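Since the structure comes first, as structure tokens, the remarks are kept for the end.
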Amino acid sequence: MNKQFYSLLSLVVLALTVPSVIAQNDKDFVSLYDGKTLSGWHVERGNLESWKADGEMLSCVAPGGGWLTTDKEYSDFILRVDWRIPKDGNSGIGLRYPPDSDPAHAGMEIQILDDDSPKYQNLKPAQYTGGIYYQVPAKKKAARPPGEWNTYEITCRGPLVIVKLNGVEVNRANLDEETKGEGGYKPLSQRPRRGFIGLQSHGSRVDFRNIKIKVL
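Going by the numbering used here, the sequence shown opens with residue -14, and the numbers climb by one from there.
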């Protein structure tokens, strides 16, 4: 009897605690998507018509969407976003990029890719999921298969960039130390520490949800 009582009590305490922990983890995070419209966003290098606000999801449903870009600029922050791609999918999260630029090379792009697709088997290491595109490869693999939801938590604080994928830290870089500039592009050490945040259209459908930011 006592054992059953304490087991039940433990379940009750857990049920009450989990929502509190979730709420605490979400403290000071602000949603970048209102669930109804593309208010607060504009498109760089593409067509707004390719993007669709569909309830909880913000989706690129047609080619040519370019970069769906926040109207505001950000410097130090934690960004959380769920994403889902189909087989052979390709997308990315743009960070700290200036207007009228290529976000991947003028700011930063955290890559999103169907890493196991045969069509992507000959890419450079930093062109796979979790990499700072073309510059710093992910240290681990943690992506779920195409068609399933994944979650990025990206921290930008001064020169420090930390990428967590599905709760696993897959990348950590000190931009001040990235002085080479792979592929002939400007080194990360010389790129801006403030700019826009964006979602990439790269020819395939991509879905996003729970897009939230905490300014540091």
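Glycine residues also receive a C-beta, built at the ideal position from the N, C-alpha and C atoms. Bear in mind that the values here come from a model prediction, so they are computed numbers and not experimental data.
Proximity of residue i and residue j at Cβ, strictly below 8 Å
i, j, result
"Leu80", "Ile196", "no"
"Lys207", "Ser102", "Shown here, the chain extends from -14 to 201; a query on residue 207 therefore has no answer."
"Gly265", "Asp100", "Since the first residue of the chain shown is -14 and the last is 201, residue 265 is not available in this structure."
"Val66", "Phe193", "yes"
"Thr114", "Ile97", "yes"
"Arg190", "Glu133", "no"
"Gly180", "Trp52", "no"
"Gly77", "Ile63", "no"
"Pro122", "Pro110", "yes"
"Val155", "Ala127", "yes"
"Val15", "Ile198", "yes"
Pairwise C-alpha distance: residue j and residue i
i, j, result
"Lys21", "Lys165", "43 Å"
"Ser174", "Glu163", "5 Å"
"Ala38", "Ala91", "27 Å"
"Leu150", "Asp56", "26 Å"
"Gly116", "Thr54", "20 Å"
"Pro88", "Lys171", "12 Å"
"Ser60", "Asn10", "21 Å"
"Ile141", "Lys12", "The residue you asked about is not Ile; residue 141 is Cys in the sequence shown. Whole-angstrom Cα-Cα distance: 18 Å."
"Gly40", "Val200", "25 Å"
"Lys104", "Arg129", "18 Å"
"Ser44", "Glu58", "22 Å"
"Asp85", "Val153", "33 Å"
"Leu108", "Gly188", "17 Å"
"Gln106", "Gln112", "10 Å"
"Met42", "Asp19", "10 Å"
Sequence-distant residues of the same chain with beta carbon closer than 7 Å to residue i, five excluded per side
i, result
"Gly168", "Tyr119"
"Pro177", "Arg81, Pro83, Gly92"
"Gly25", "Leu17, Thr55, Asp56"
Beta-bridge partners of residue i, as assigned by DSSP
i, result
"Glu94", "Gly79"
"Lys109", "Lys109 pairs with nothing; no bridge assigned."
"Tyr59", "Gly180"
"Glu138", "Arg65, Lys149"
"Asp192", "Ser44, Arg69"
"Leu53", "Val28, Leu184"
Cutoff 8 Å; reference residue i; Cβ partners in own chain excluding five residues on either side
i, result
"Gly49", "Gly31, Asn32, Ser35, Ser186"
Residues near residue i in its chain [Cβ-Cβ closer than 6 Å; skip 5 each side]
i, result
"Pro144", "Asn159, Leu160, Asp161"
"Arg157", "Ile147"
"Thr136", "Asp67, Asn151"
field: Contiguous beta strand (DSSP E) assignments of at least 3 residues, all confined to the stretch 141 to 189
entry: 145 to 150, 153 to 159, 181 to 185
field: Entirely enclosed beta strand (DSSP E) segments - the stretch 18 to 50, minimum 3 residues
entry: 26 to 29, 36 to 39, 42 to 45
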